[in-house]
Every structure is written in C-alpha cells, then in structure tokens.
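The structure under discussion appears below in the form of structure tokens.
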RNA sequence: GGCCCCGUCGUAUAGUGGUUAGUAUACCGGGCUCUCAACCCGGAGGUGCGGGUUCGAUUCCCGCCGGGGCUACCA
C-alpha cells in the first residue's frame, strides 16, 4: 500500500508556524516514500471556522511550496458521510444518544471536581431504557451521540512513529461525543471517518494530539477498521519555553513572508526545528530535505523557536540565489515603499547580500539607490558635520573610467591634494553619497551606482 | 488533581558504559579594512538533582525536580 499523509488544519486563524511544521513533515514523509499528500480543512466548528482563514492557509501553504496532491477537502461538505457511520454505530450499539444538557454536564463535572475525581462523563444516558430513548427522540429532545467505550478494553497501545511505544489505559477515557446535538461531527470522530475514507496511512501531528489517539483508535475499532500509523512530534515553544503563541511575536507564516524571509529558508528552518538529519550542516534545499528525511530522526523534546537561527538560514538561502533572482524577490518590498527596481540595482546585490538578514533589509540598507530622499543615519550625520571639501571632486571622478580601481585612484589623489586622511575622508564621501556610516567597500559601491547619481550628490 | 510526553552549552542539536563531550547559531576578543558585514584565528559556555547497577556512568534502572501537553457537544 502506498503512503498517504495529510495535513488537516482548522480554519480558525492564519497558518501558524506549528501547523506549518506539521504540514511540512507530512509533506516530507509522503515525498520521501513516494506517496501522496492530502490537504483537508477541518471546518466542523461553525463557531470558529471562517472561509477567509481557509483561504489564508492555502496561500501560506503555497508560499511554502507545500503542494498537496489531493484536496483541499472540506469537512463541512462531507456531513452525509459522518451521519451514515454514526447511524451504523448507533444501530450496532457501539454508540448511544445522550440527552444531557450543557448545564447538566457542567454540574456533573463540578461535583466530580469537588470530590477530587477526574472529570469524566458518567455514562448516565447509556443506561436509559430503549423506551425512554424512543420517547425522548419522539418528543424532539436534542441529543448528542457518544461512543460507548468497551468496559473491558484494557490498555490501548500503539507504536508511535517518533516516540516509540505508548500505552494508555482505556479506563482514562470516558464516553466522548462523536456527533454534537446540532448534528455536526466532533474533531475526533470526523478525523477517523476522513482518514479512513481518504486512505491515509500515516498520521504525523503535534504531541498535543497524543491524548486523542486512543480515542480515535477506539473509533476505528468500533467501526472495524484498521487504524493508520501515528507519529507525534514535539511542540514548538517560545523563548520562555512555553507553548509558542502571539505573546512571542509573529506566529503566522504570512508574517514571516511579509518580513522578508524566503519561503525556502522558512521551509529549511521548520524542518530543522526539532529534528536533525545531518549533524554537520543546517542549510538544505527542499529536495535535500526530502531525500534526507527520516522520521526516526525527529527529536523527542520540545524545541524553542530561535529567530537568530532563522535569520542565519535565511541569509544562507539568499546567498544561494542568483543576483537577478534575489532582486526579483526584493521587488515587492521595494514597491511597498514606493520604490522602483531598476536593472542597475542588480550590481548592488553582491555588495549587500552579506549584510542582509531579510529581503526587506535591502530596501533599508540601500534606500539611497532608490531615491534622493534617503535616510541619513546618526553617525553619518556627525560625519557630515566635518564639512570636508568636495569642490572639484566630481570633475575628477567624471574624468575617470567608472570602475572601482579608477574611482579609488581618483579619491586617493584628491584626498592627497587636500591633505585629508583617507581614514576620515572616505567615510565622509560615503555619508555624502549614501547618507550612511556603514556599507560596502566605498569604491565598489560607487562603481555599482550610476555615475550621474554619484556626481549629482557630490555637487549638492 | 488525574493521565501522557520530555530533560546534553542561551538556542538547535551530535555522540558514547571509559571522549579533551563534537557541530551550528548567538555572544566576547583579535586579525583584515575606508566603515559595517562577510571571512580567518582565538575564547567563554552544557550532560537538572539524588539514589542505585557497574571497576567506571552523560549514557542503563528508580525516585525527585523541572518543562510541555491533554483533561469540551474546540481542533
């Protein structure tokens, strides 16, 4: 049987990095073993699911090049399927109707808590007589459908793809809800129906799903189906080692896109978060990650999201792109500031890529090539106050061939004539021409800039 | 509270019943230079604690502590 994995986000917000990593590992797993990858939107919670979120998730998936082979499927469009199997379970006595109201359930839990007991459904509705059930149904009382957990089921165990053997006593489980009183399926129920129906063979997800796994196994058993293999990956934590959330800053994938991170860098970074495929390197292409992927090398403990590492990987990926490709990627960020990208800008790329952390940085580090209205940094401001002479410099440069070698010669000669120390004078020229106190080698920088732009600024 | 998962430099990780416990990043210092970055050289920094098992434990076992997760008619 060929491998089939899936990513099943619920559209209750943007695609966050944790979800993206889950999607990514499922993608890698499928590709590694020549299988396929399914995308399924779990929108069974009418309260929280929003169509625009689904759209945003799809956009982020595409941005990361997590291309799915099937889907997206929407659970909201598969209600008949869930209904069908719920009926079956009901008929076979493996599930039952529960007429308890939320208030009643809350009160029950309240009492259990008061006694220091675990809060579990006590199965009261499973003891209703068939006549009573019939009476209530006919009276139009709303009901949920609960799975009847077999009393003698004992220990539920599975060999986790990443954690190894895990077992949980079925006594820990109560008769949980499969179908809500409004007829919609709950997560655990819909997942099983869909995973089975879609032929999913391997389920990789966050370890927050470990407690759900025995429940799902029980549903598979009640339906007489073979369960897929499960693998649970450690969580991603914030700097303070608590679960990554808004408090830690950006958690939505699209925020990283907007900050100027390369999708291939994000892909790379996410794959390394909590896994190590080759201890001697940390920069990989997507293809390399597919080849090196090994579910046994996924770590066991939660990993802290470290922006420093992301910056580093982003920088490495930027260096891997051609100058024209990099400029192309920078374009949207320049345009967002109202700047127009021009062909000559490509020559600045090799000079600036070393000091860029993100695509956005290019626009900020080199705003002077886009506009005469560039920013002047604090130190440059001070340097400018020295008011070194520039008269005649423009003419000297105008006469020189426009390459670094001749520019340097001209500048050195001018400095010598005026008895200025290159150490002080060159930074001054940089400040005059770019408004910056730092940047690439001055002569190479000037060479890469249009001659008329440089001369114009020297004459100001 | 109950159940489950986990614990190697700040972070991500490699590794082994005996190692100077490795690498990357971040940090500090030096070199290079017109500055910053890159690059090169150097530095600091880790096996959570306590018991066992053993000639010897970071590694194996137990306990503790610590972190995380779940405990819904959310997913």
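In this note's numbering, the protein residues as written are 1 to 460. For glycine and all other residues, C-beta sits at the position ideal for the given N, C-alpha and C.
Cβ separation of residue i and residue j, assumed to be a contact under 8 Å, to the nearest whole Å
i           : j           : result
residue 108 : residue 122 : 6 Å
residue 295 : residue 161 : 5 Å
residue 85  : residue 193 : 6 Å
residue 133 : residue 97  : 6 Å
residue 204 : residue 29  : 6 Å
residue 341 : residue 318 : Going by Cβ atoms, the distance from residue 341 to residue 318 rounds to 16 Å, so no, they are not a contact pair.
residue 407 : residue 363 : With a Cβ gap of about 25 Å, residue 407 and residue 363 do not count as contacting.
residue 126 : residue 148 : 6 Å
residue 461 : residue 334 : The structure shown has nothing for residue 461, since the chain only spans 1 to 460.
For residue i, the first and last residue of its enclosing alpha helix (DSSP H)
i           : result
residue 36  : It is not in any alpha helix (DSSP H) - residue 36 instead sits in the beta strand (DSSP E) that spans 36–41.
residue 258 : 253–259
residue 269 : 263–272
residue 290 : 286–292
residue 350 : 349–352
residue 327 : 323–336
residue 130 : 130–138
residue 379 : 378–384
residue 365 : 359–365
Limits of the beta strand (DSSP E) - the one that residue i falls within
i           : result
residue 156 : 155–160
residue 317 : Residue 317 -> not in any beta strand (DSSP E); alpha helix (DSSP H) instead, spanning 307–320.
residue 229 : 229–233
residue 3   : Counting along the chain, residue 3 falls outside any beta strand (DSSP E), and DSSP gives it neither H nor E.
residue 165 : 164–169
residue 147 : 144–147
Cutoff 8 Å; reference residue i; Cβ partners in own chain excluding five residues on either side
i           : result
residue 276 : 297 and 299
residue 155 : 167, 168, 169 and 170
residue 226 : 220
residue 245 : 238 and 251
Length of the line joining the Cα atoms of residue i and residue j
i           : j           : result
residue 238 : residue 253 : 15 Å
residue 261 : residue 344 : 23 Å
residue 446 : residue 267 : 36 Å
residue 315 : residue 357 : 5 Å
residue 431 : residue 458 : 10 Å
residue 218 : residue 293 : 31 Å
residue 119 : residue 146 : 16 Å
residue 348 : residue 42  : 46 Å
residue 60  : residue 112 : 44 Å
residue 16  : residue 116 : 36 Å
residue 34  : residue 2   : 8 Å
residue 280 : residue 51  : 43 Å
residue 328 : residue 210 : 44 Å
residue 228 : residue 65  : 26 Å
residue 420 : residue 63  : 52 Å
residue 53  : residue 77  : 17 Å
residue 14  : residue 304 : 20 Å
residue 323 : residue 232 : 40 Å
residue 243 : residue 4   : 29 Å
residue 68  : residue 57  : 13 Å
residue 150 : residue 71  : 35 Å
residue 439 : residue 377 : 12 Å
residue 201 : residue 90  : 27 Å
residue 392 : residue 400 : 13 Å
residue 398 : residue 416 : 18 Å
Sequence-distant residues of its chain with Cβ nearer than 6 Å to residue i (five each side left out)
i           : result
residue 427 : 383
residue 269 : 310 and 313
residue 44  : 75, 184, 185 and 190
residue 182 : none
residue 157 : 167
residue 394 : 455, 458 and 459
Beta-carbon proximity list for residue i, same chain, < 7 Å, skipping 5 on both sides
i           : result
residue 215 : 173, 176 and 188
residue 386 : 428
residue 197 : 81
residue 490 : As displayed, the chain neither begins before 1 nor continues past 460, which places residue 490 out of reach and without an answer.
residue 380 : 431, 435, 436 and 437
residue 467 : Residue numbering for the chain in the displayed model covers 1 to 460; residue 467 lies beyond these limits and cannot be assessed.
residue 461 : The first residue shown for the chain is 1 and the last is 460, placing residue 461 beyond what the model contains.
residue 49  : 10, 11, 12 and 43
residue 7   : 22, 23, 26 and 39
residue 389 : 418
residue 99  : 125, 136, 141 and 143
residue 163 : 232 and 300
Query raised in the report: Which ranges does the alpha helix (DSSP H) cover as unbroken runs of at least 4 residues, wholly within the segment 388–451, from first to last along the chain?
Result: 393–399, 404–417, 422–434 and 442–448
Query - Ranges of the alpha helix (DSSP H) found wholly within the segment 8–82, counting only runs of at least 4 - result: 17–32 and 51–63
Requested in this report: Mind listing, in chain order, the continuous alpha helix (DSSP H) runs of no fewer than 4 residues lying wholly within the segment 76–118?
Outcome: 79–91 and 102–114
Query raised in the report: Whole beta strand (DSSP E) runs in the segment 173–237 with 3 or more residues, listed along the chain?
Result: 177–179, 202–206 and 229–233
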